[in-house]
Each structure stands twice: as C-alpha cells, then as structure tokens.
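See structure below.
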Amino acid sequence: MNITPQLCLRLSRIINGNVSSFGDTKNNCLITNLRQFQVNVLGRNSTDPINNAFWIARTSIPDKTLNLGFLALLETEVTPLVNTLTQLGFTITDISQYSTFTTPRIIDVFFQSIESPIRFAQKARILSDLTNSLPQSQSQTPTNPALQKLCTTFQNIIGIGGNAEFFNTSCDVLQSRNLKVKVNGIPTTIGSIGLLNFSFQSLDPQGNALCIGSVGLLRKEVKPYLQTLRKQTSVVYSVLISRWFTNPEVLLLRYITIANPITFAIQTREVLQVLKL
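The numbering of the sequence shown is my numbering, which starts it at 15 and goes up by one.
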C-alpha cells in the first residue's frame, strides 16, 4: 500500500500528532507527539526523552502498511501500557531505559505491526490518550532568534544536511542513512532505523548545553564508532539497543554530554567520518 501526503495528514489527525518531514516522505509517514511532564537529563531540562513516534511505511501488500512505534513511559506506566499493546495485537520488540542519567526514569517501549494504516492509527490514538500525549504545536513556546541561528550553525558544522528542527529550547539535526534493511521481510527506508540525530538543549549562561547523539549502526559499525567516540572524553554512553526486528540487525547508540554546542558539533563531524557518509 502506498503512502500519500493526504493519508499521512489523516493519520496524524487520528493519532493526535504532528507530521514530520524527516526521512523518506514519499514512502513513509512519521507522526510524533509529546508527553506532558518535565524530565531532566544530567540535571538539564530536556524534551528528547518524552517524544513518542509512529512510523507508517509503504509495502507491496494490498491495504496494509509496515508500522513501527515507540512510547516514552514512566516506570509506573510500563506494565499497564505493555498489557494494552499486547491486547491491541502489537509485537513488542524492545523495552529499554532511555538513560541512567534521567530523572524521572524513562522507559522506551518499541513495537511493530503489519496492518491497515487506519487501524494502526486508531490503536496509536488509544496509546496517545492513555499517555496524555499531545502534538508539539500545542506545547510549543515562542522561539529565540539567537538560538535558532545557533541551531543553523550547529547543523552546518555537523555537515550531514537533513532537517534542523527547533522546538522550545531544543535544536535537533536529523538525517537518515538507507541501511537497506528489512523488517518482517519487507524492505524499508524508515528514517529512524538509520537514524543520525544530534541535538542540544538547555543552554546555560556559560554557553554549555545538554548535547545528545543518537545513531543507528549496523553491528559491524559499533566497535569502530565507539573507539572514535571514546576519544571525546566528556561523552557519557547512555544506551545501545536493538529497537525493532530488522535484518540485518541495527543498533541504536545514544550518548550524552554537557558541552558547548559548537564543540559538540565539531566532535560529531569527526566521529561521523568513521561511517564514510
């Protein structure tokens, strides 16, 4: 089943989320929304741990799409929401802590299905309502022109192109690699699988911010990437997980630090040379 902009918009309204321009929008639809509570990472406010995401991807199967998702949950929510996911017929693929440096503790639950996109969206709406998740447009505060300019500079230094998204005090640079993977035997270009996501948030008067890197890596890429990353002494490794059932296996590496965003961008550009983008 094909994905059209009209279908993607319709699905976003059902789910109660925003359509993202990230990734291969001709073949995929990404819809996000946001949990409504505050989270600190390394003592800094951050919205990164409280995003929910729902991917709907084109398939050759009539009237069905490949659907991936994840929910950001508080510890007390995990058991009831996992039970709900199971009752809704989803395959739960991973349950992982966002980071050991997060207060309160956030657990990410990943899931997938192959079914009608409308039915998937209806199920996702149940999950959004249960977790009180809203579109970002309903949560956004006025942007800061100086921070927006810094965000553009941050993107240019990293040098991977893609999207630069500014939300509240958060700057996210998003790009995706086509790793030529299959999910449930279906070839897919879903952007989150080959994710390259680098962000900064909560800039302080000294010019330092919470900086986060999230990178989708093939297993053979993990060791050389980590070896290069370890040369950046201030980086704290947060998580290395397999989020969905992909072939070949793709792991998400997430790492965090408190640093000047420009310094982090330069370090990121150097580390990314390992991937030969």
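Think of the CB as a built atom: it goes at the ideal place given N, C-alpha and C, for glycine as much as any other residue.
Please report the straight-line C-alpha distance between residue i and residue j, rounded to a whole angstrom.
{"i": "Thr271", "j": "Ala223", "result": "8 Å"}
{"i": "Asn198", "j": "Leu85", "result": "20 Å"}
{"i": "Thr98", "j": "Ala138", "result": "11 Å"}
{"i": "Asn65", "j": "Val288", "result": "28 Å"}
{"i": "Pro159", "j": "Cys22", "result": "30 Å"}
{"i": "Gln162", "j": "Gln281", "result": "21 Å"}
{"i": "Gly83", "j": "Ala67", "result": "5 Å"}
{"i": "Leu164", "j": "Asn30", "result": "30 Å"}
{"i": "Phe168", "j": "Glu179", "result": "11 Å"}
{"i": "Leu291", "j": "Glu235", "result": "13 Å"}
{"i": "Asn16", "j": "Phe259", "result": "22 Å"}
{"i": "Gly103", "j": "Asp62", "result": "27 Å"}
{"i": "Trp69", "j": "Val187", "result": "19 Å"}
{"i": "Leu144", "j": "Gln50", "result": "12 Å"}
Looking only at its own chain, which residues have a Cβ that is under 6 Å from the Cβ of residue i, when we skip the five neighbours before and after it?
{"i": "Arg119", "result": "Glu89"}
{"i": "Ser153", "result": "Residue placement at Ser153 is flagged as unreliable, the pLDDT there being 48, under the threshold of 50; the coordinate-derived value follows with that caveat. Excluding residues within five positions, the ones whose Cβ falls inside 6 Å are Leu48."}
{"i": "Arg58", "result": "Ser216, Leu224"}
{"i": "Phe278", "result": "Cys225"}
Taking the beta carbon of residue i as the centre, do at least 16 other beta carbons fall within 10 Å, making it buried, or is it exposed?
{"i": "Ser190", "result": "buried"}
{"i": "Ser248", "result": "exposed"}
{"i": "Arg244", "result": "exposed"}
{"i": "Ala71", "result": "buried"}
{"i": "Arg257", "result": "buried"}
{"i": "Pro238", "result": "exposed"}
{"i": "Asp218", "result": "exposed"}
{"i": "Asn42", "result": "buried"}
{"i": "Gly227", "result": "buried"}
{"i": "Pro94", "result": "exposed"}
{"i": "Phe134", "result": "buried"}
Residues in the same chain with beta-carbon distance under 8 Å from residue i, minus the five sequence neighbours each way, listed in chain order, please.
{"i": "Gln150", "result": "Asn32, Thr46, Asn47, Leu48, Phe181"}
{"i": "Ser128", "result": "What sits at residue 128 in the sequence shown is Ile, not Ser. Cβ within range, chain order: Thr73, Ile75, Lys78, Thr79, Leu80, Asn81, Asn198, Ile200."}
{"i": "Ile106", "result": "Val96, Leu99, Thr100, Val123, Phe124, Phe125"}
{"i": "Thr183", "result": "Asn59, Asn158, Leu161, Gln215, Ser216, Leu217"}
{"i": "Ile28", "result": "Ile132, Ala135, Gln136, Ala138, Arg139"}
Would the beta-carbon of residue i fall within 7 Å of that of residue j?
{"i": "Leu25", "j": "Thr202", "result": "no"}
{"i": "Gly208", "j": "Leu193", "result": "yes"}
{"i": "Cys185", "j": "Ser213", "result": "yes"}
{"i": "Val92", "j": "Ile121", "result": "yes"}
{"i": "Leu265", "j": "Leu286", "result": "no"}
{"i": "Thr116", "j": "Val55", "result": "yes"}
{"i": "Arg283", "j": "Gly173", "result": "yes"}
{"i": "Asn177", "j": "Phe36", "result": "yes"}
{"i": "Asn170", "j": "Gly221", "result": "no"}
{"i": "Ile276", "j": "Ser110", "result": "no"}
Is the shortest distance between the beta-carbon of residue i and the beta-carbons of chain D less than 7 Å?
{"i": "Arg139", "result": "Absent from the structure: chain D. Only one protein chain is present."}
Cutting at 7 Å between CB atoms, please list the residues of its own chain near residue i, excluding the five before and the five after it.
{"i": "Gln52", "result": "Asn59"}
Worksheet item: What are the complete alpha helix (DSSP H) segments, minimum 4 residues, inside the region 131-196?
Response: 131-144, 159-172
Worksheet item: Counting only runs that start and end within the region 211-247, where is the alpha helix (DSSP H) found for 4 or more residues in a row?
Response: 233-243
Fill in: Length at least 3, wholly inside the region 75-142: the beta strand (DSSP E) runs in chain order
79-88, 105-111, 120-129
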